[in-house]
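Trainee: Pasting a structure below so you can have a look.
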Amino acid sequence: DATLGDGTTLIGLGLATIRGEVVVAGTEVRLASLIVDSVRWRGNDGAAWDLYARRGDFGYASSTLLQDSMMTVSGDRFVGENVWLWRADHDATGQVAPGANGVDVGLRVSGDEVAFVALAVEHATSSQTLWTGRRGRVYFYQSELAYDVSRPLPGYRVDGDDHVAVGVGVYAYFRDYHNRSLDSAIVSTSAAFESPFAVWLPAGTGGGIRHVLNDRGGPLSGDSVV
Numbered sequence: 214d215a216t217l218g219d220g221t222t223l224i225g226l227g228l229a230t231i232r233g234e235v236v237v238a239g240t241e242v243r244l245a246s247l248i249v250d251s252v253r254w255r256g257n258d259g260a261a262w263d264l265y266a267r268r269g270d271f272g273y274a275s276s277t278l279l280q281d282s283m284m285t286v287s288g289d290r291f292v293g294e295n296v297w298l299w300r301a302d303h304d305a306t307g308q309v310a311p312g313a314n315g316v317d318v319g320l321r322v323s324g325d326e327v328a329f330v331a332l333a334v335e336h337a338t339s340s341q342t343l344w345t346g347r348r349g350r351v352y353f354y355q356s357e358l359a360y361d362v363s364r365p366l367p368g369y370r371v372d373g374d375d376h377v378a379v380g381v382g383v384y385a386y387f388r389d390y391h392n393r394s395l396d397s398a399i400v401s402t403s404a405a406f407e408s409p410f411a412v413w414l415p416a417g418t419g420g421g422i423r424h425v426l427n428d429r430g431g432p433l434s435g436d437s438v439v
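Heads up, the sequence shown is in my numbering, so the first residue is 214 and it goes up one at a time.
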């Protein structure tokens, strides 16, 4: 685990791994080229590039990790570029059994004026991204829902004001529950979206995604792929 104070800059050589949780407590912290188990960004005016959080068995023991998310951003004016948050569907043990590597949400954002460029969030067991902060910005988002949940939730949900998202995509492959359906891949009553889309990868008969954004778009079901 690591706790970072004001003005810290931490850059990995190649993709260095920090075991456990990284807590960013200070302002103007910079992280780059790192693999972590989870990160909690509390300080303002931070930035991260090439940051990867993963949940699974990778051949080393980590401290006890919280189940609620892989990354939380509660500080204001954070900027992230090329950030990937991944609950492992395969790890050092092989293909992961249903329900293993549990984490509820991939990304939680409550800070204001937070922006991501190239953000990927995958396989969390409830929602992939929950955004409540104001004036958020996202430019390219990719998300795959969990294979192994009986009640899938949206891949991208925004409840904050003045949110803009460009190129948001959510796809689903319900490997373990073939007949499950998701009402909406993307949910928001206030955000402005440009080019949202959803992809359905059929795992068997039945199931699908009923709508792309709220009650618009779709349905994707049966043997349809896009």
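Virtual Cβ for every residue (Gly too), placed ideally from N, Cα, C. It should be emphasised that the depicted structure is a prediction, and the values quoted were computed from it without experimental measurement.
Would you tell me roughly how many angstroms separate the C-alpha atoms of Gly-246 and Leu-264, rounded to the nearest one?
Mentor: Here residue 246 is Ser; the residue named in the question, Gly, does not match the sequence. If you take the alpha carbons of Ser-246 and Leu-264, they lie about 6 Å apart.
Trainee: Out of Gln-355, Leu-343, Val-377, Ala-337, which has the shortest C-alpha to C-alpha gap to Asp-361?
Mentor: The residue with the shortest Cα to Cα distance from Asp-361 is Ala-337.
Trainee: Go ahead and pull the three-state DSSP assignment for His-336.
Mentor: It is coil, neither helix nor strand.
Trainee: Within its chain, find whatever has a CB closer than 6 Å to the CB of Gly-225; leave out the 5 residues flanking it on each side and keep chain order.
Mentor: Only Ser-246, Leu-247 meet the Cβ criterion.
Trainee: If you count every other CB in all the chains shown that lies within 10 Å of the CB of Gln-158, and 16 or more means buried, which is it?
Mentor: What is shown of the chain runs 214 to 439, which leaves residue 158 out entirely.
Trainee: Using beta-carbon positions only, say whether Leu-343 and Arg-321 come within less than 8 Å of one another.
Mentor: It is a contact, given that the beta carbons lie within the stated cut-off.
Trainee: Taking all protein chains shown into account, do 16 or more other C-beta atoms lie within 10 angstroms of the C-beta of Thr-285, making it buried, or fewer, making it exposed?
Mentor: Thr-285 should be labelled buried.
Trainee: Can you tell me the Cα-Cα spacing of Asp-270 and Val-330, whole angstroms?
Mentor: Those two C-alpha atoms are separated by around 28 Å.
Trainee: For Ser-287, which residues from the same chain have a beta carbon less than 6 Å from its beta carbon, with the 5 sequence-adjacent residues on both sides left out?
Mentor: Closer than 6 Å at Cβ, skipping near neighbours: Arg-255, Ser-323, Gly-324.
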